[in-house]
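Data first, discussion second: the structure below is written as structure tokens.
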Amino acid sequence: MKQILILGAGTAGTMMANHLRHELKKPDWEIKIIDERVEHHYQPGYLFLPFDIYEPDDIIKTIEEFIPKGVQLIKGKIDKIVPGENKVQMADGGSHSYDVLIVATGAKTAPEETEGMFGDEWYKSIFDFYTFEGSLALRNKLRDWEGGKMLVHIVEMPIKCPVAPLEFAFLADSFFQHKKMRDKVEITFVTPLSGAFTKPKATEALDHLLKDKGIHIESDFAVERIDQENKKLIDYGGRELDFDLLVTVPTNKGDEMIGRSGMGDDLNYIPTNKGSLQSLAHKNIFVIGDASNIPASKAGSVAHFEAEILTENIKRFINNEPLKEEFDGHANCFIETGHGKALLIDFNYSHEPVEGTFPFPGVGPLRLLKESRMNHMGKLAFRWIYWNMLLKGTHIPFVSATMQEAGKEF
Amino acid sequence: MEKVIAGKNIAVNAEGYLTDFSQWDKNVALEIAKENNIELTDRHWEVINYLQTEHKNQVPLSIRKIGKSNVVDIKEFYALFPQGPLKTSTKIAGIPKPASCL
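Structure below.
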């Protein structure tokens, strides 16, 4: 019996376990998935937790309940991958060998990368919302914060869900209005990019929205350090921004295990073929989701589209057929804009987000790059889709793995 | 579109980045630098040469990478090319604006 080993039982790994169990015959292939954690978190929910829109219970389930029968879930800490021996070394001394390895160990925040981020003010006036702990601590802070200068800040790209910091700023605007204290809060969006987003047309639309909502923007800001004592964010060019409340997105990095295995780039992301998702260094290793270095968004929707294509490629690899280089970088993201509305963007490697209709060309019902209530309903419905369809590898009707060009105004 | 830079017709994109590196020369660099209020010193040229080599080798450029390059640290990179050093330095070097990766 041959072995497929999946590292990481988050969004991408769980989807692959479900796809592959469905596609590969049991006596020939044994599928194992390894993760040290017990809980599976709906990470997009971290955005809503600080504003008391979601409760912790809404976003936490167990890993186990999403792993299909016939796939062996191994709980344990991975020490490293030894590609030369086709095996994975565990921290407890054991090991697992593989014929095909799928790395889905994701990306994590690394606040230690920025001087002065950790310290006495961490989780007092400096918060992240990309971890459950940070998001919850921020909720408790916001419940009785009396206002002042709030910075919503990105340290450097790439980060998971690159629109989340913007959504945070929009939701904060809405939240403080509801609490009738918007006039007591100055919100500034601080980014290393030249505008609100990485793609020109979406940046134009989003810059406009920021302005409408009275949110200031400080662009091209590359943070050098945080002065905890004087509560200042300082950039390499000498620009200084005062804060009473700093909501930051620390540097994101791939898992440390990738570094220990000597397989990562300077941020521990694995060099990967952006069309086939095969590791560039090892033919029987594939990489899905945030763990790879491909120039696509680090987002659940991307992992979902990748999973459909990677499943096909694993089957081809097993049968000694040439791989398809079909992944086009397709991403599909709702952007909460506050006040019960949202935007939707749909894009890939070569096409930036534009206006149009989705998923039915000319019909919708969702509108691309325009604020609407329907889009917000879509974002809320997505949590149900995530738990009930996405993780189980069920195809989402009318939404194809590669981006559709019809219905878009290029 | 085309723009006259240092007396030559040069193909550029909407943001003013060269679209054909073969049209780049030192005079083009000097003039783009001037537009950005930068007078190029030896240190600038070292950084520009480094950026061009990395681009030729298809290495994606980022502030972090340049900080670890042993050519220049981030602080000096900002001092040489104030305000968005990566954007300005790549424009002067005649290479595409780095996609800030999503």
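Chains as they are written, first to last, in our numbering: chain A, 144 to 553; chain B, 1457 to 1558. Ideal Cβ positions, reconstructed from N, Cα and C, are used throughout, including at glycine. Just so we're clear, the structure is a prediction, and the values are computed from it rather than from any experiment.
9 Å Cβ cutoff met for A/Met300 and A/Val390:
One-based indexing of the first sequence puts residue 300 of chain A at position 157. One-based indexing of the first sequence puts residue 390 of chain A at position 247. Against a cut-off of 9 Å, the Cβ pair of A/Val390 and A/Met300 comes out as no contact.
Would a check of beta-carbon distances place B/Tyr1473 closer than 9 Å to chain A?
Numbered from its first residue, the second sequence carries residue 1473 of chain B at position 17. No, B/Tyr1473 lies away from the interface with chain A (no Cβ there is under 9 Å from its Cβ).
Against chain A, does B/Tyr1506 count as a neighbour if the rule is that its beta carbon must be under 9 Å from one of theirs?
Along the second sequence, read from residue 1 onward, the residue named residue 1506 of chain B stands at position 50. With 9 Å as the cut-off, B/Tyr1506 does not count as an interface residue toward chain A.
I'd like to know whether the C-beta of A/Asp363 is nearer than 9 Å to at least one C-beta of chain B.
Working through the first sequence from its first residue, we reach residue 363 of chain A at position 220. At least one CB atom of chain B sits nearer than 9 Å to the CB of A/Asp363.
I'd like the ranges of any beta strand (DSSP E) spanning at least 3 consecutive residues and lying wholly in the segment 160-214 of chain A.
Entirely contained in the segment 160-214 of chain A, the beta strand (DSSP E) runs reaching 3 residues are, in chain order, 172-178, 182-184 and 203-205.
Just reading off the alpha helix (DSSP H) that B/Gly1523 is part of, what are its end residues?
In the second sequence, the residue the question calls residue 1523 of chain B occupies position 67. Where B/Gly1523 is concerned, the enclosing alpha helix (DSSP H) stretches over Ile1519 to Gly1523.
Within 10 angstroms of its Cβ, does A/Pro496 collect 16 or more other Cβ (buried), or is it exposed?
Stepping through the first sequence from its first residue, residue 496 of chain A is reached at position 353. Buried, by the Cβ-count rule.
Nearest-angstrom Cα separation, counted from A/Ile488 out to A/Cys476:
Taking the first sequence and counting its residues from 1, one reaches residue 476 of chain A at position 333. Taking the first sequence and counting its residues from 1, one reaches residue 488 of chain A at position 345. The straight-line gap from Cα to Cα measures roughly 5 Å.
Within 9 Å of any Cβ in chain A, is that where the Cβ of B/Gln1539 sits?
Translated into positions along the second sequence, residue 1539 of chain B becomes position 83. Closer than 9 Å: yes.
Using a Cβ-Cβ cut-off of less than 7 Å, give me the residues of the segment 1512-1524 of chain B that come near chain A, in sequence order.
Ile1519, Arg1520, Lys1521 and Lys1524
Burial state of A/Gln186 (16 or more Cβ within 10 Å):
For the purposes of this step, residue 186 of chain A is taken as the residue at position 43 of the first sequence. Per the 10 Å Cβ criterion, buried.
Is there a C-beta anywhere in chain B that falls below 9 Å from the one on A/Thr500?
Working through the first sequence from its first residue, we reach residue 500 of chain A at position 357. By this cut-off, A/Thr500 is not an interface position.
In whole angstroms, what separates the C-alpha of A/Leu167 from that of A/Gly521?
Residue 167 of chain A sits at position 24 when you count from the first residue of the first sequence. Residue 521 of chain A sits at position 378 when you count from the first residue of the first sequence. In a straight line, the C-alpha of A/Leu167 is about 33 Å away from that of A/Gly521.
Just list the residues that DSSP pairs A/Glu329 with in beta bridges.
Position 186 of the first sequence, counted from the first residue, corresponds to residue 329 of chain A. Note: A/Glu329 sits in a beta bridge opposite A/Lys292.
State the Cα-Cα distance for the pair A/Gly259 and A/Ile539, rounded to the nearest angstrom.
Counted from its first residue, the first sequence places residue 259 of chain A at position 116. Counted from its first residue, the first sequence places residue 539 of chain A at position 396. Computed Cα separation, rounded: 44 Å.
Determine, using beta carbons only, whether B/Phe1477 comes closer than 9 Å to chain A.
Counting from 1 along the second sequence, the entry for residue 1477 of chain B is found at position 21. No, B/Phe1477 does not count as interfacial toward chain A.
Under the three-state DSSP convention, the category B/Cys1557 falls into:
Here residue 1557 of chain B corresponds to residue number 101 of the second sequence, with the count starting at 1. Note that B/Cys1557 scores a pLDDT of 45, beneath 50, so its modelled location is shaky and nothing firm can be said.
Taking the runs of the beta strand (DSSP E) that are 3 residues or longer, which of them lie wholly in the segment 402-474 of chain A?
428-430
Is any beta-carbon of chain B found at less than 9 Å from that of A/Pro335?
One-based indexing of the first sequence puts residue 335 of chain A at position 192. Yes, because at least one Cβ of chain B sits closer than 9 Å to the Cβ of A/Pro335.
Can you tell which of A/Asp316, A/Val214, A/Glu383 and A/Leu534 has the C-alpha that lies nearest to the C-alpha of A/Asn373?
Here residue 373 of chain A refers to the residue found at position 230 of the first sequence. Of A/Asp316, A/Val214, A/Glu383 and A/Leu534, the residue nearest in Cα terms is A/Glu383.
From the DSSP secondary-structure annotation, give me the bridge partner or partners of A/Leu376.
For the purposes of this step, residue 376 of chain A is taken as the residue at position 233 of the first sequence. DSSP output for A/Leu376 lists A/Ile369 and A/Leu384 as bridge partner(s).
So that I know if they touch, is there some Cβ in chain A lying closer than 9 Å to that of B/Ile1530?
In the second sequence, counting from the first residue as 1, residue 1530 of chain B sits at position 74. So yes, B/Ile1530 belongs to the interface.
Applying the criterion that 16 or more other CB atoms from any shown protein chain within 10 Å of the CB defines a buried residue, is A/Met159 buried or exposed?
Looking up residue 159 of chain A in the first sequence gives position 16. Burial call: buried.
Considering only the alpha carbon of each residue, which of A/Glu552, A/Lys484, A/Gln320 and A/Glu449 lies closest to A/Val542?
In the first sequence, the residue the question calls residue 542 of chain A occupies position 399. Among A/Glu552, A/Lys484, A/Gln320 and A/Glu449, the Cα nearest to that of A/Val542 is on A/Glu449.
A/Leu486: first and last residue of the uninterrupted alpha helix (DSSP H) it sits in
By 1-based counting over the first sequence, the position of residue 486 of chain A is 343. Element bounds for A/Leu486: not the alpha helix (DSSP H) but the beta strand (DSSP E), Lys484 to Phe490.
Apply the 10 Å Cβ neighbour rule to B/Ser1478 and answer buried if 16 or more other Cβ atoms are within range, or exposed otherwise.
One-based indexing of the second sequence puts residue 1478 of chain B at position 22. It is exposed - the Cβ of B/Ser1478 has fewer than 16 other Cβ atoms within 10 Å.
Within-9 Å CB hit, B/Lys1547 to chain A:
Within the second sequence, the letter at position 91 stands for residue 1547 of chain B. Not an interface residue.
Taking CB distances under 9 Å as the criterion, tell me whether B/Ala1489 reaches chain A.
For the purposes of this step, residue 1489 of chain B is identified with residue 33 of the second sequence, where counting begins at 1. Chain A, which has no Cβ nearer than 9 Å to the Cβ of B/Ala1489, makes this no.
DSSP on A/Ala348, reduced to helix/strand/coil?
For the purposes of this step, residue 348 of chain A is taken as the residue at position 205 of the first sequence. A/Ala348: helix per DSSP, three-state reduction.
Below 7 Å CB to CB, which residues in the same chain sit around B/Ile1466 once its five sequence neighbours on both sides are set aside?
Here residue 1466 of chain B refers to the residue found at position 10 of the second sequence. Closer than 7 Å at the Cβ level, and outside the excluded window around B/Ile1466, lie Glu1458, Lys1459, Leu1474, Gln1479 and Val1484.
Can you tell which of A/Asp398, A/Ala315 and A/Phe364 has the C-alpha that lies nearest to the C-alpha of A/Ala253?
Along the first sequence, one-based indexing puts residue 253 of chain A at 110. Of A/Asp398, A/Ala315 and A/Phe364, the residue nearest in Cα terms is A/Asp398.
Any beta carbon of chain A sitting closer than 9 Å to that of B/Glu1458?
Counted from its first residue, the second sequence places residue 1458 of chain B at position 2. No, no contact with chain A.
Please check the pair A/Ala424 and A/Met406, which I expect to be a contact at CB under 8 Å, by giving their CB distance rounded to whole angstroms.
Your numbering for residue 424 of chain A matches position 281 in the first sequence. Your numbering for residue 406 of chain A matches position 263 in the first sequence. About 7 Å separates the two Cβ atoms, so the contact holds.
Would you give the residue range spanned by the alpha helix (DSSP H) that A/Asp363 belongs to?
As a working note, residue 363 of chain A is residue 220 in the first sequence. Taken as a continuous stretch (DSSP letters only), A/Asp363 belongs to no alpha helix (DSSP H), as it is neither H nor E.
Could you check whether the Cβ of B/Lys1543 sits closer than 9 Å to any Cβ belonging to chain A?
If you number the second sequence from 1, residue 1543 of chain B lands on position 87. So, interface residue.
At a CB-CB cut-off below 9 Å, which residues of chain A make contact with B/Ala1555?
Residue mapping note: residue 1555 of chain B aligns to position 99 of the second sequence, counting from 1. The CB of B/Ala1555 comes closer than 9 Å to the CB of Thr341 and Pro438 in chain A, given here in chain order.
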